[in-house]
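See below for the structure under consideration.
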Amino acid sequence: MEIFYFARIREDIGHSSETVNLPENISIVNGLIEYLCERGENYQTAFKNDAAIRVAVNQTYVNFDHPVQDGDEVAFFPPMTGG
Amino acid sequence: MKVLVQDQDFDIAAEINELCGGRTDIGAIVTFTGLVRDFHGDNKIRQMTLEHFPGMAEKQLEAICKTASERWPLQGGTVIHRYGPLDPGNQIVLVITLSAHREAAFEAAEFIMDWLKTDAPFWKKEQTAEGTHWVEAKTEDDQRKDRWKI
């Protein structure tokens, strides 16, 4: 699974993308976030406030209970501020 | 509608000409241009950097334009959003809508901007004398989007 990070979340984590082998027991976005947070304080900082996180799976916005599977492209970013 | 996500500047007159040149069926052209302000509250802005999600940014802008085209009788349009470092006074975003009558062009341009603010994956970072910070999303922007009730 390819994971991309943007803006504040990218800066908190320290890199813009990574490849993750998804453990079999993880089936939704929330589980993926918990799994990533085990990797270190930088991830815990990035994901500490649910209200400040948006997620897209295969470039479609989804909720935290959306299914994830190996092969998906998942992106985490803050609420958008373009325009 | 034409959608572009680019780091280069854009020329509003050239974009209008590309859409309308030679056509006589268009009754109204509405354009909106968003610029980099040199202030945010009491802070003086020295520079702004726009980050985007390549691929998804284009996809979201195209989806917003498609929704607008289904809701209003548009005769064409263009959306251009820039990314990268920008200085105060620089152009950030352009929306052009064409229709036979002004109401559709006005409303569609406002709709596209309201949706773009909250749904297109772009993020602004401001550089001030005190340092750099990411711009916070505004709840008013969500409210402006929600009033279109889609």
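Same order as they appear, the protein sequences are chains A and B. Mapped onto my numbering, the consecutive letters of the first sequence carry residue numbers 347 to 429. Mapped onto my numbering, the consecutive letters of the second sequence carry residue numbers 14 to 163. Think of the CB as a built atom: it goes at the ideal place given N, C-alpha and C, for glycine as much as any other residue.
C-beta neighbour in chain A for residue i, strict 8 Å
i	result
B/Met69	yes
B/Asp132	yes
B/Leu87	no
B/Lys79	no
B/Lys72	yes
B/Met126	yes
B/Leu17	no
B/Leu107	no
Interface residues of chain A facing residue i [CB-CB closer than 9 Å]
i	result
B/Ala150	Ala398, Pro424, Pro425, Met426 and Thr427
B/His94	Gly428 and Gly429
B/Leu111	Simply none; closest approach about 21 Å.
Under 8 Å from the C-beta of residue i: neighbouring residues of chain B
i	result
A/Ala353	Glu64, Trp136, Lys138 and Trp147
Contact with chain B by residue i, beta-carbon distance below 8 Å
i	result
A/Ala392	no
A/Gln415	no
Residue i: contacting residues in chain A (beta-carbon distance under 7 Å)
i	result
B/Leu99	The premise fails here: B/Leu99 is roughly 12 Å from chain A at the closest Cβ pair, so nothing lies under 7 Å.
B/Met61	Those within 7 Å of B/Met61 in chain A number zero; the least Cβ separation is about 10 Å.
Residue i classed as buried or exposed, judged by whether at least 16 other C-beta atoms fall within 10 angstroms
i	result
A/Glu384	exposed
B/Ala90	The question names Ala, yet the displayed sequence has Gly at residue 90 of chain B. With 16 or more Cβ atoms within 10 Å of its Cβ, B/Gly90 is classed as buried.
B/Leu48	exposed
A/Thr365	exposed
B/Phe66	buried
B/Gln156	exposed
B/Gln88	buried
B/Glu64	buried
B/Thr110	buried
A/Ser362	exposed
B/Asp24	exposed
B/Glu116	exposed
Beta-carbon contacts of residue i that lie in its chain and below 6 Å, excluding the five residues immediately before and after
i	result
A/Phe352	Phe423
A/Ile372	Leu378 and Tyr381
A/Phe410	Val375 and Asn376
A/Leu368	Met347 and Asp416
Close Cβ partners of residue i (< 7 Å) along its chain, the five nearest in sequence each way excluded
i	result
B/Gln73	Asp132, Ala133 and Pro134
A/Arg354	Pro424
Contacts that residue i makes with chain A (C-beta to C-beta distance below 8 Å)
i	result
B/Gly47	Gly429
B/Leu32	Result: empty, since nearest Cβ-Cβ is about 21 Å, beyond 8 Å.
Same chain, Cβ closer than 8 Å to residue i, neighbours up to 5 away in sequence not counted
i	result
B/Val106	Phe45, Thr46, Gly47, Val92, Ile93, His94, Arg95, Met126 and Leu129
B/Met69	Pro134
B/Glu143	Asn56
Contact belief for residue i with residue j at Cβ below 8 Å, rounded distance in angstroms
i	j	result
B/Glu149	B/Ile58	Contact flag wrong, Cβ pair sits at about 15 Å.
A/Met426	B/Trp136	7 Å
beta-carbon residue i near the ligand GDP non-hydrogen atom, thresh 7 Å
i	result
B/Gly40	Looking for the ligand GDP in the displayed structure turns up nothing, as the structure carries no ligands at all.
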